[in-house]
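Quick mapping for you: the protein sequence lines, in order, are chains R and W.
Each residue of the first sequence is one higher than the one before, counting from 2 in the working numbering.
Each residue of the second sequence is one higher than the one before, counting from 35 in the working numbering.
Backbone N, C-alpha and C define an ideal beta-carbon position, used for all residues, glycine too.
Written out below as structure tokens is the structure these notes cover.
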Amino acid sequence: MSGQTADDLEAYRREVRAWLAANLDPRDDDAPARLRGGDAANLSPERVAQQRDLQRRVHEGGYTGITWPAEFGGQGLTPAHEEIFAQESRGYVVADLGIAGLTTTRVCGPTILAHGTDEFRRTHIPRMLSGEEIWVQLFSEPGAGSDLAGVSTRATRTDAGDWVLNGSKVWTSGAYYADYGLCLARTDPTVPKHRGLTWFGVPLTSDGVTIRPIREINGSSEFCEEFFDDVVVSDANRIGAVGDGWTVARTMMVFERLGGDPDESPRHSGARELAPDLVALARRVGRQDDPVTRQLIARAHVIDLVKEQLDAYVAAQAESGTANPNLGSYSKLAAGTLNPVRASIGLEIAAAAGVAWHPEDTEASTTALNYLNGRILAIAGGTNEMQRNGISERILGLPREPAHDLDRPFNELRHN
Amino acid sequence: MLPGVTADQKLFAETAERFIRSTCPVSTVRRVAQREEELDGGYFTEIGELGWLALFVPEEHGGGSPSGQPVLDAGLIAEQRGRYLQPGGIVGSNVAALAITLGGTGEQRALLDDLAGGKALAAWALGDPAGGWEASAGVAVRRDGTGFVLSGTKGLVQDAHLAGWFLVSAAVDGRPALFLLPADAPGLSIEPLAGLDLTHRYAELVLRDVAVPASAVVGQIGGDDLGERLLQVAAVLTVAEMVGAIGELFAMTLEHARNRAAFGRVIGSFQAVKHQLADLSLAVECSRAIATGALTAVQEQTPDAAELASAAKAFVGDAAIDVSQGCLQLHGGIGYTWEHDLHLYLRRLATDRVVFGDPAWHRERICRLHGL
């Protein structure tokens, strides 16, 4: 599609506009955003079914997987086309399959495109795009979080050439309504930890899979834990070579950093507003003229601006092509260190109203909820400490941490 | 270097750095700071020839900027000046030149040739000794016939001792105004201040019934836009100097951590040190990012220029303290010695943080800009 012209893109835009107007409902801008931990945070089976239908409609219209290869069910177009669809569809109700929906199209799909066999891609990629299959990552374990290569879920080969899974995974976003899990398992514990890993696509309806929601500090259950008891997985569902799982994991982590940002701190759209959530809060508690409160509001606004400018700065450097590929860690660490500050500012402005409210006053509970969620990006998707290691070693060039686990077989290491 | 620069701008900045390293490196700055050497007028005519003082001046008065984007070009020079703690407050001189270019009378414009060439320097007297940065701060104006009489004190005027001219902000009948005064105006005196920063000198500008004619006014009385533009330019250029200083201080500290050994290893191999350096480098990168955004917005006069300039001054002002403190900590005892350059950076940054508005002042301004 390198020969595309501005006219082609304009024609595409007209086509998109006409299709959207004929097939989707306009969006109600006043609809409240879904807050993590809020009452509407968990997706009911009915809602998931409804959203899958909507996704199928968009897929059948030819507007999913716009940049993905046509031979696997995508449209084979350019990022410019994708951007046009994103711009034009902003005013319409599109499918919201929640966090697992994002994981499917932004993390699992691209990883499978990069490492799956042709047969596997032909089978699953179109279903991922149509909403028929929702995928999650089965990555972290109770015994291995930051040390991802230290996972101990075992996959052993059967005489028939299939695999049997045993172990458990945790912090899986949205697994309770997902169909498949992309699972990292240890296939050889007698070699050093990075070398004995392999990925599998596991149907979550298989015998021996138990999914339990984890109740989070905010009371809701977006994350799940999964248990695998003698779960049989076909070798056809293996992704990448046996023992090459860490290569696939690295691909996946890149996609995760690019697309999986579940930043749910209040965002302004269009013209920049002064920390609208906090100004509204200050007015509710009558403190908009209090100099201390005004300083806090402006501090939060400066945080918003700095994060925005840093993301733009990192993106501009990345486009130059000569930049260090790890600069994205700065955006992650900025979110991981500044979001908690911003969440605390809300609590400080609200004072008494932030910690106790009339039960029917759902607006008043938002500040507390934001406070409870403030550290999500300080932990999820790579803790602040992991970002600091990455920045100091891969950007600043400081010596790596001494490692005691790189050359010894996994089964001789101390692990949880 | 601040990103997004053209080849011309890159050359301009590299030439600036070469000039500084050969003419006025930090060792020279230190001697000037310790009053063992005085900066002669030659420094300013040389930087005048390099074009650092001509960026906001029109061509017919010997001005011009390499890229046609004077704010960005001045930002590149400011960054290099900050890196090497250059003396002589040229932010004020550039802002005064911009004021005259935008609103000066024919007579005032005659001064532009000298300002562009570094033959005369100007300083901007905006704030008062109490830390207010509104135009009206510190000075009262009464009308006298067709002219005016100015009385009061402006504070924290950068390198006033070098200035032949002062751009004085004040309010006339409650409306902001700018006056251009020669340093030898009767009733005007400069009270040198002792201070934290050793590389710039600060003074109060004391005005005792200074009578000025109507022709001393720059622009319109109540012409709010000019004063606003000057504040934005002064803020982002000060930020650019700070970003240069912060970056150099951090680079110095990283180098120290790579070389200094303890317990048989370089201290930069300890995770406690690595994590501090990672956090400090985040502050450096965030400062660069918001400075870049603010310089661009002020150059292009976008609707968000005012808030980005203030956000940059507020954020970088706070980051300057964090980085200075963190770098001192990582240097350990050597950083607490007079002979080490670290304190020259620490002192300058803590002071630049306040000049043309400290973080709290700019945060309150952000609220007002948004109508809160």
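Query	Result
With a threshold of 7 Å between beta carbons, is W/G33 in contact with chain R?	Residue 33 of chain W lies beyond the stretch modelled for chain W, which goes from 35 to 406, so this question has no answer here.
Would you kindly report the start and end of the unbroken beta strand (DSSP E) that includes R/L183?	181-187
Using the C-alpha atoms, what's the distance from R/Y177 back to R/D29?	28 Å
DSSP three-state label for R/Y13, please.	helix
Taking the C-alpha atoms as reference points, what is the distance between R/D163 and R/D231?	12 Å
Within a Cβ cutoff of 6 Å, which residues of the same chain sit near R/T106, ignoring the five residues on either side of it in sequence?	none
Just how far apart, CA to CA, sit R/P127 and R/Y181?	14 Å
If you reduce the DSSP assignment to three classes, tell me which class W/Y118 lands in.	coil
Using a Cβ cut-off of 7 Å, which residues of the stretch 97-118 of chain R contact any Cβ in chain W, in chain order?	none
Looking at chain W, is there any beta carbon in it that lies within less than 7 Å of the beta carbon of R/S147?	no
Say whether the stretch 126-137 of chain W touches the stretch 258-269 of chain W, bearing in mind that this needs 3 or more beta-carbon pairs closer than 8 Å, one atom from each stretch.	yes
Using a C-beta cutoff of 7 Å, does W/S56 count as contacting chain R?	no
Taking the CB atoms as reference points, tell me whether W/H195 and W/R235 lie closer together than 7 Å.	yes
Tell me the rounded alpha-carbon separation between R/C225 and R/T157.	24 Å
Near W/L380, which residues of its chain fall below 6 Å by C-beta distance, leaving aside the five closest residues on each side in sequence?	S358
Compute the beta-carbon to beta-carbon distance between R/V152 and R/L185, rounded to the nearest angstrom, for a pair I have assumed lies under 8 Å.	6 Å
Which residues bound the beta strand (DSSP E) around W/Q192?	181-192
Just to confirm the assignment: which complete beta strand (DSSP E) runs, minimum length 3, are found wholly within the stretch 51-86 of chain W?	none
For R/Q138, which residues does DSSP report across the bridge?	R/L183
In whole angstroms, what separates the C-alpha of R/I218 from that of W/A306?	29 Å
Counting contacts by CB-CB distance shorter than 7 Å, is R/P326 in contact with chain W?	no
For R/R57, verify whether its CB is less than 6 Å away from any heavy atom of the ligand PLP.	As presented, the structure is devoid of all ligands, the ligand PLP included, so that no description of it is given.
At which residues does the beta strand (DSSP E) containing R/F229 begin and terminate?	224-234
Apart from the five residues on each side of it in sequence, which residues of its chain come closer than 7 Å, Cβ to Cβ, to R/I100?	S174, G175, E223, P263
Mapping DSSP to helix, strand and coil, what is R/S221?	coil
Could you check where the alpha helix (DSSP H) with W/L395 kicks off and where it finishes?	It should be pointed out that residue 395 of chain W corresponds to Trp in this sequence rather than to Leu. Segment 393-403, the alpha helix (DSSP H) holding W/W395.
Can you name the start and end residues of the alpha helix (DSSP H) that R/T124 belongs to?	119-131
W/V311 versus chain R: which residues are under 9 Å apart at the beta carbon?	Inspection of the sequence shows that residue 311 of chain W is occupied by Leu rather than by Val. Within 9 Å Cβ-Cβ: R389, I392, S393, L397, L399.
Closest to R/R401 by CA distance: which of R/I380, R/T363, R/A81, R/R389 is it?	R/R389
Can you tell which of W/A296, W/G181, W/I81, W/A219 has the C-alpha that lies nearest to the C-alpha of W/I255?	W/G181
Here's a check: name, in chain order, each residue in its chain whose Cβ is nearer than 6 Å to the Cβ of R/P267, leaving out the five neighbours to either side.	Note that R/P267 scores a pLDDT of 36, beneath 50, so its modelled location is shaky; the value from the coordinates is reported in the next line. So the list reads D278, once near-sequence residues are dropped.
Quick one: Cα of R/A344 to Cα of R/L282, how far?	13 Å
Run through DSSP, which three-state label would R/N417 get?	coil
If you run the structure through DSSP and keep just helix, strand and coil, what is R/V243?	coil
Are R/V243 and R/T188 touching if we call contact CB-CB under 7 Å?	yes
Taking the alpha-carbon positions, what's the W/I301 to W/L376 distance?	18 Å
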